[in-house]
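Here numbering that gives the first Met the number 0 is used: position 366 in the sequence shown is 365, and no number is missing along the way.
By construction, the Cβ of each residue, glycine as well, lies at the ideal position given by its N, Cα and C atoms.
Nothing here was measured: the structure is a model prediction, and the numbers come from that model.
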Amino acid sequence: MKKIIKNGIIVTAADTYTGDVALENGIITEIGLNLLAEGAEIIDASGCYVFPGGIDPHTHLDMPFGGTVTADDFETGTIAAAYGGTTTVIDFCLTTKGQPLQQAVDTWHHKSQDKAVIDYSFHLMVSELNDKVLGELPQIIENEGITSLKVFMAYKNTFQADDGTLFKTLQVAKREGALVMVHAENGDVIEYLVEQALAAGNTDPIYHALTRPPELEGEATGRAAYLTELTDSQLYVVHVTCAEAVGKIAEARKKGLRIYGETCPQYLVLDQTALEKPNFEGAKYVWSPPLREQWNQDVLWDALWSGSLQTIGSDQCSFNFKGQKDLGLGDFSKIPNGGPTIEDRFSILYSEGVQKGRISLNKFVDIISTSSAKLFGLFPQKGTIAVGSDADIVIFDPSIERTISAESHHMNVDYNAFEGFEVKGEPVSVLSRGEFVIRNKEFVGKAGSGKYLQRKRFAAEAPRPSKTAISGGVV
Ligand code: URP
Ligand code: ZN
Ligand code: ZN
Ligand code: ZN
Numbered sequence: 000m001k002k003i004i005k006n007g008i009i010v011t012a013a014d015t016y017t018g019d020v021a022l023e024n025g026i027i028t029e030i031g032l033n034l035l036a037e038g039a040e041i042i043d044a045s046g047c048y049v050f051p052g053g054i055d056p057h058t059h060l061d062m063p064f065g066g067t068v069t070a071d072d073f074e075t076g077t078i079a080a081a082y083g084g085t086t087t088v089i090d091f092c093l094t095t096k097g098q099p100l101q102q103a104v105d106t107w108h109h110k111s112q113d114k115a116v117i118d119y120s121f122h123l124m125v126s127e128l129n130d131k132v133l134g135e136l137p138q139i140i141e142n143e144g145i146t147s148l149k150v151f152m153a154y155k156n157t158f159q160a161d162d163g164t165l166f167k168t169l170q171v172a173k174r175e176g177a178l179v180m181v182h183a184e185n186g187d188v189i190e191y192l193v194e195q196a197l198a199a200g201n202t203d204p205i206y207h208a209l210t211r212p213p214e215l216e217g218e219a220t221g222r223a224a225y226l227t228e229l230t231d232s233q234l235y236v237v238h239v240t241c242a243e244a245v246g247k248i249a250e251a252r253k254k255g256l257r258i259y260g261e262t263c264p265q266y267l268v269l270d271q272t273a274l275e276k277p278n279f280e281g282a283k284y285v286w287s288p289p290l291r292e293q294w295n296q297d298v299l300w301d302a303l304w305s306g307s308l309q310t311i312g313s314d315q316c317s318f319n320f321k322g323q324k325d326l327g328l329g330d331f332s333k334i335p336n337g338g339p340t341i342e343d344r345f346s347i348l349y350s351e352g353v354q355k356g357r358i359s360l361n362k363f364v365d366i367i368s369t370s371s372a373k374l375f376g377l378f379p380q381k382g383t384i385a386v387g388s389d390a391d392i393v394i395f396d397p398s399i400e401r402t403i404s405a406e407s408h409h410m411n412v413d414y415n416a417f418e419g420f421e422v423k424g425e426p427v428s429v430l431s432r433g434e435f436v437i438r439n440k441e442f443v444g445k446a447g448s449g450k451y452l453q454r455k456r457f458a459a460e461a462p463r464p465s466k467t468a469i470s471g472g473v474v
């Protein structure tokens, strides 16, 4: 049935204006003033923003990691995402050495297809790049529409790939039109620092941060940037946390390189002192890279505003405090890395960013949705409000004030990393391809209604760095 969202303030990455949006057969069919309501269901959005649905370019749903499996699967994770204003997630499909790539992708299809309540896609992890993998990759890119490849420069002895693998992946990506994503930390040095800390009896969660210093993130980011320059390829650095890494990205972008960066809500609002919380509670705040000293938050906000960083990913990777995080009691290196963030990504960026004057409303939309759509081959199907685009829409009431809490969140975990945070604004209704998933703050969607998205190759829509851009803010 046709729907018309009436009298909302429509916000895209470029414009802010009051109007009506008509939706039919899953897409936006008309935008204008006083659209004729005949035969349509009317949704009153007066006083609300009408945003394109959020795109979360970085999630780990139902993922085996750190001796356990993430607590949110494609059902609970995408329900929580929808509550939070996100209508598309791109999840990381893991691969193991020797495994046929198609088998890995099929495993991820099985995890997601009857469960997701919003649309989803996959990035593909590259763990090795021998002739067999080289032969398989072009077919996966073509047949599955997976146009982003992930290389881990950390997690030695599990996910970490060597520099040769990263280099070859960049070459293949250049040839095939894919975007290479890196987890940029120097895994070899970290491994050694962890051994030294444990040998000295330093086993508490804070040592997770102290054994992964920002220099090792900056070093790996710079190394990846040079390899990208050498291959004339394209690179996206996930979960950037610190001035050292932002500086490397800004420097590369000034040279005109196609290098992009993402940060996450946790790095914008939490800091390293959280790992010192008593009674092992610091384990709740164990991410890799780790939370940093607080002053880095300003650097990250400046980088988002100036364009050195383009996106925000949740890096949703949830583990319960009881029964999962506590695997690391007495040994910080066994704490499963990651946290529950998929639901609050949107509201934290709005409240801490727009409300506090750090970014504009249009920049908010760009960071939360449009840039990811452009970088990951989904634009203009996703990432904007335009005639012909998918009707993925968030009706957001900026006047609501609320407190984030595990008591009221929808993620399948026993804590919230942003517990007690006061935020302004809330998604009240969320539509995926024209159908309500959240209606007046109630979930009305259906498991399995989310569609797998084949994505276009890395292309002209991707935001181009300019050699003359003033980038990097304070760095
Ligand atoms: O601590 C984190 N970030 N966990 C998720 C896995 C990753 O490195 O992205
Ligand atoms: Zn309908
Ligand atoms: Zn990572
Ligand atoms: Zn991640």
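- [ ] Please state if the CB of GLY84 and the CB of VAL429 are separated by a distance shorter than 8 Å.
- [x] Yes, Cβ-Cβ distance for VAL429 and GLY84 is below 8 Å.
- [ ] State the beta-bridge partners of PHE375 as determined by DSSP.
- [x] DSSP, once it has assigned bridges, lists no residue as partnering PHE375.
Open item on the list: With DSSP as the reference, identify every bridge partner of PHE64, one or two as the case may be.
Closed with: Residue pairing by DSSP places PHE64 opposite THR67 in a beta bridge.
TODO: Could you tell me which residues DSSP pairs with GLN315 in its beta bridges?
DONE: Per DSSP, THR58, GLY338.
Open item on the list: Which residue marks the beginning of the alpha helix (DSSP H) containing THR77, and which one marks its end?
Closed with: 73-82 is the span of the alpha helix (DSSP H), which, as asked, contains THR77.
Task: ASP480 to ALA219 span [Cα, whole Å] - done: In the structure as shown, the chain begins at 0 and stops at 474. Residue 480 is therefore absent and cannot be evaluated.
Task: Buried/exposed call for HIS122, threshold 16 Cβ in 10 Å - done: The residue in question, HIS122, is buried, as its Cβ has 16 or more Cβ neighbours within 10 Å.
Open item on the list: In the DSSP output, which residue or residues are listed as bridge partners for MET180?
Closed with: DSSP, once it has assigned bridges, lists LYS149, TYR235 as partnering MET180.
TODO: Please confirm whether VAL179 and LEU234 have their CB atoms less than 8 Å apart.
DONE: Yes, they are a contact pair.
TODO: Classify HIS109 as buried or exposed, calling it buried when 16 or more other Cβ atoms lie within 10 Å of its own Cβ.
DONE: Exposed, since its Cβ has fewer than 16 Cβ neighbours within 10 Å.
- [ ] State the Cα-Cα distance for the pair CYS47 and GLY387, rounded to the nearest angstrom.
- [x] Straight-line Cα distance between these residues: approximately 23 Å.
Open item on the list: Check for me: the beta strand (DSSP E) holding SER307 runs from which residue to which?
Closed with: Here SER307 belongs to no beta strand (DSSP E), and DSSP marks it neither H nor E.
- [ ] Quick one: grab the DSSP three-state call for THR28.
- [x] THR28 carries a strand assignment under DSSP once its states are collapsed to helix, strand and coil.
Task: Helix, strand or coil at SER398 [DSSP, three-state] - done: Looking at SER398 - three-state DSSP - the assignment turns out to be strand.
Task: Given LYS5 as reference, the closest of PHE375, ILE41, ASP105 once Cα atoms are compared - done: Out of PHE375, ILE41, ASP105, ILE41 has the C-alpha closest to the C-alpha of LYS5.
Open item on the list: Between which two residues does the beta strand (DSSP E) holding VAL427 run?
Closed with: Where VAL427 is concerned, the enclosing beta strand (DSSP E) stretches over 421-431.
- [ ] With a threshold of 7 Å, establish whether the CB of TRP300 neighbours any heavy atom of ligand 1.
- [x] Not so, every heavy atom of ligand 1 lies at least 7 Å from the Cβ.
Task: Boundaries of the alpha helix (DSSP H) in which ALA36 is found, first to last residue - done: From DSSP, ALA36 is part of no alpha helix (DSSP H); its letter is neither H nor E.
TODO: Going by DSSP, name the residue or residues bridged to TYR259.
DONE: In the DSSP output, where bridge partners are listed per residue, TYR259 has TYR235.
- [ ] Work out the CA separation of ASP231 and ILE258 for me, nearest whole Å.
- [x] Taking the straight line joining both Cα atoms gives about 10 Å.
TODO: Measuring alpha carbon to alpha carbon, tell me which of ASP14, ARG463, ALA21 ends up nearest LYS253.
DONE: The option with the nearest alpha carbon to LYS253 is ARG463.
- [ ] Compare the Cα-Cα distances from ILE311 to each of VAL104, GLU216, SER368, ALA224 and report the closest residue.
- [x] Nearest C-alpha to ILE311: SER368.
Open item on the list: Considering only heavy atoms of ligand 3, does any lie closer than 7 Å to the CB of VAL386?
Closed with: Checking the Cβ of VAL386 against ligand 3 gives no.
Open item on the list: Counting C-beta neighbours from all protein chains within 10 Å, is the total for TYR16 16 or more, i.e. buried, or is it exposed?
Closed with: Under this definition TYR16 is an exposed residue.
- [ ] Output the boundary residues of the beta strand (DSSP E) element that contains LEU22.
- [x] Judged by DSSP secondary structure, LEU22 falls within the beta strand (DSSP E) whose first and last residues are 15-23.
Task: N- and C-terminal bounds of the beta strand (DSSP E) containing ARG438 - done: Under the DSSP assignment, ARG438 falls in the beta strand (DSSP E) whose first and last residues are 434-438.
Task: As assigned by DSSP and simplified to three states, the class of SER120 - done: Residue state, collapsed to three classes: strand.
Task: LEU290 to LYS423 span [Cα, whole Å] - done: Rounded to the nearest whole angstrom, the CA to CA distance from LEU290 to LYS423 is 24 Å.
Open item on the list: Within 8 Å, do at least three Cβ pairs link the segment 316-328 to the segment 68-75?
Closed with: Here the segment 68-75 lies against the segment 316-328, with 3 or more beta-carbon pairs under 8 Å apart.
Open item on the list: Below 7 Å, is the gap between the Cβ of ASN336 and the nearest heavy atom of ligand 1?
Closed with: Within the cutoff, so yes.
Task: Close-in-space but distant-in-sequence residues of the same chain around LEU328 (CB under 7 Å, 5 per side omitted) - done: Closer than 7 Å at Cβ, skipping near neighbours: PHE279.
- [ ] Please confirm whether any heavy atom of ligand 4 lies closer than 7 Å to the CB of ASP389.
- [x] No, the beta carbon of ASP389 sits no closer than 7 Å to any heavy atom of ligand 4.
- [ ] Would you mind reading off the limits of the beta strand (DSSP E) that contains TYR48?
- [x] Unbroken beta strand (DSSP E) run through TYR48: 48-51.
Task: Proximity winner among ASP396, ARG454, ASP389, PRO426, relative to GLU434 (alpha-carbon distances) - done: Among ASP396, ARG454, ASP389, PRO426, the Cα nearest to that of GLU434 belongs to ASP389.
Open item on the list: Quick check: what's the CA-CA separation for PRO339 versus PHE318?
Closed with: Annotation: PRO339 to PHE318 spans about 7 Å, alpha carbon to alpha carbon.
Task: Exposed unless 16 or more other CB atoms sit within 10 angstroms - verdict on TYR225 - done: With fewer than 16 Cβ atoms within 10 Å of its Cβ, TYR225 is classed as exposed.
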